[in-house]
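Take the sequence shown: its position 207, counting from 1, is numbered 207 in the numbering used here, and each next residue is one higher. Only one structure is covered here, and it is reproduced in the block below.
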Amino acid sequence: MQNKNKILILAPHTDDGELGCGGSISRFVEEGKEVHYVAFSICTRSLPPHLAPDTLAKEVKVATKILGIPGSNLVLFDFDVRRFKEYRQDILEELIKLKTKIQPEIVFLPISEDIHQDHQVIAEEGLRAFKNISILGYELPWNNLSFNTQCFIKLNEGNIKKKIDALNAYDSQKHRSYLNADFIKSLATVRGVQINSPFAEAFEIIRWVI
Numbered sequence: 001m002q003n004k005n006k007i008l009i010l011a012p013h014t015d016d017g018e019l020g021c022g023g024s025i026s027r028f029v030e031e032g033k034e035v036h037y038v039a040f041s042i043c044t045r046s047l048p049p050h051l052a053p054d055t056l057a058k059e060v061k062v063a064t065k066i067l068g069i070p071g072s073n074l075v076l077f078d079f080d081v082r083r084f085k086e087y088r089q090d091i092l093e094e095l096i097k098l099k100t101k102i103q104p105e106i107v108f109l110p111i112s113e114d115i116h117q118d119h120q121v122i123a124e125e126g127l128r129a130f131k132n133i134s135i136l137g138y139e140l141p142w143n144n145l146s147f148n149t150q151c152f153i154k155l156n157e158g159n160i161k162k163k164i165d166a167l168n169a170y171d172s173q174k175h176r177s178y179l180n181a182d183f184i185k186s187l188a189t190v191r192g193v194q195i196n197s198p199f200a201e202a203f204e205i206i207r208w209v210i
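Right, dumping it as structure tokens:
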């Protein structure tokens, strides 16, 4: 990772990137790397009626700012939730535009075994668009049939705190069990134990270019 200074995070929905690699994002920013975050749905047409359509757009801006990502490096789309397969070509074309504009050296996206239909599209089209670039798949355990822990990024307590603080920005999603701070810290502890580190995040190596 030392020679990979331009990093692109692909999140099918707002909060996926923070959940999958929020601690690593915090570390990358601390190390002076250029981090870009792209969310493909802000869920304006699927939020509960009592929430404003732009709720998640506002929350992801706060969350990514907490992690240290500049607002200029945040890109938001609004493809309909659970219908990404219908927009597969549009998504691919946007990914190719991002590749040309950002020219990332490594891309993070959902693992290949993620069963959520939208996550599958981002994983598949992401690989298609960035096939010549290093790609790591991040884990979202509640969606993963299996997960190959092939790559680990060591983290410190400050990185995990930033991850938890970022996820706490999603007031509209706090009812979800996987946003629980104890769960986030416990998973990072488990991944850390696997490599004799206080904390870590684990990834699937989808493609590695040296």
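We put the CB at the ideal spot given by N, CA and C, even for glycine.
In the DSSP assignment, find the alpha helix (DSSP H) that holds residue i and state where it starts and stops.
{"i": "I91", "result": "88-102"}
{"i": "A202", "result": "Taken as a continuous stretch (DSSP letters only), A202 belongs to no alpha helix (DSSP H), being part of the beta strand (DSSP E) at 199-207."}
{"i": "I66", "result": "55-67"}
Tell me which residue opens and which closes the beta strand (DSSP E) that residue i is part of.
{"i": "S26", "result": "Careful: S26 lies outside any beta strand (DSSP E), inside the alpha helix (DSSP H) at 16-30."}
{"i": "A11", "result": "6-11"}
{"i": "S172", "result": "From DSSP, S172 is part of no beta strand (DSSP E); its letter is neither H nor E."}
Can you list, in chain order, the residues of its chain with a C-beta nearer than 6 angstroms to that of residue i? Leave out the 5 residues immediately preceding and following it.
{"i": "T44", "result": "P53, D78"}
{"i": "G158", "result": "none"}
{"i": "V81", "result": "S41, C43, S46"}
Going along the chain, which residues of its own chain have a beta-carbon closer than 8 angstroms to the beta-carbon of residue i, five neighbours each way excluded?
{"i": "D171", "result": "E59"}
{"i": "D90", "result": "F79"}
Specify the secondary structure class of residue i as computed by DSSP and reduced to three states.
{"i": "A188", "result": "helix"}
{"i": "V81", "result": "coil"}
{"i": "D114", "result": "strand"}
{"i": "K154", "result": "strand"}
{"i": "S134", "result": "strand"}
Once you ignore the five residues that flank residue i on each side, which residues in its own chain have a CB closer than 7 angstroms to its CB?
{"i": "T55", "result": "L47, S172"}
* Asked: Counting pairs of Cβ atoms below 8 angstroms between the region 17-35 and the region 63-81, do you hit three or more?
  -> yes
* With contact counted as at least three CB pairs below 8 angstroms, one residue from each stretch, are the region 105-121 and the region 182-198 in contact? -> no
* At a cut of 8 angstroms, does the region 119-134 reach the region 172-187 through at least three beta carbon pairs? -> no
* Using 8 angstroms as the Cβ pair cut-off and three pairs as the minimum, do the region 138-155 and the region 32-39 touch? -> no
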